[in-house]
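Anchor point for the sequence shown: position 3 equals 7 in this note's numbering, and the numbering is continuous, going up by one each time. Beta carbons are placed, not taken as given, at the ideal position from N, Cα and C, and that holds for glycine. Quick notes on the structure that follows.
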Amino acid sequence: MDLNESISDILDSNLLFGRTFYENLFALYPEAKTHFRGVNMHRQAATLTMTLLVIENYRAAERPAMTTYLRELGAQHQERGIPTEMYSPFRRVLLETLAAFHGDRWSDELSLQWSTAVDHTIKEMAKGYQPEREAE
Ligand code: HEM
5 MDLNESISDI
15 LDSNLLFGRT
25 FYENLFALYP
35 EAKTHFRGVN
45 MHRQAATLTM
55 TLLVIENYRA
65 AERPAMTTYL
75 RELGAQHQER
85 GIPTEMYSPF
95 RRVLLETLAA
105 FHGDRWSDEL
115 SLQWSTAVDH
125 TIKEMAKGYQ
135 PEREAE
């Protein structure tokens, strides 16, 4: 199984993956809940699907349009008050939820593919964070 097949199974699960991810995130990191105040649960699960598609396309980060998008996405997250420190918990829960979701189809190779993709995405999004705004 590769990233593409993984995403396809997640999309087939409808919004189950997204719901499970946020349940796990809030159970392990209750402080993350504050960032989702006022966000509709159903939309939230759909947003995670978008998030995964963005991550899966990290290779496109070589392209200027994707780089611009990821920086803008980072700036948007900063405006929402999401600190850079939240990305590591987010990454951890994402990988754990993926591993549990795929069960015996999860492999070291798939784990490496996802973690590489997440790391690239986070690195690009972080470039959209403005140091002066962070200090406010
Ligand atoms: C790899 C890291 C991440 C990616 C690729 C990502 C991606 C996205 C995308 C694509 C959206 C939808 C943006 C839009 O509506 O235009 C979004 C929204 C959002 N993200 Fe992230 N995100 C990441 C990390 C985080 C983290 C660490 C948090 C907080 C714990 C977070 C919280 C949110 C919230 C609260 C929204 C708005 C949801 C809504 O209004 O429905 N994200 N994210």
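- Taken from the Cβ of histidine 81, at least one heavy atom of ligand 1 lies inside 8 Å.
- Residue burial is scored here from C-beta neighbours: alanine 121 has at least 16 other C-beta atoms within 10 angstroms and is therefore classed as buried.
- Secondary structure of methionine 5 (DSSP, three-state): coil.
- Between the C-alpha atoms of glycine 132 and glycine 78 there is a straight-line separation of about 5 Å.
- Here glycine 42 is exposed, its C-beta having fewer than 16 other C-beta atoms within 10 Å.
- Here the C-alpha atom of alanine 130 lies approximately 25 Å from the C-alpha atom of phenylalanine 21.
- Cβ contact annotation for glutamine 117 (same chain, cutoff 7 Å, sequence separation greater than five): Asp6 and Leu7, in chain order.
- DSSP places proline 68 inside the alpha helix (DSSP H), whose first and last residues are 68-83.
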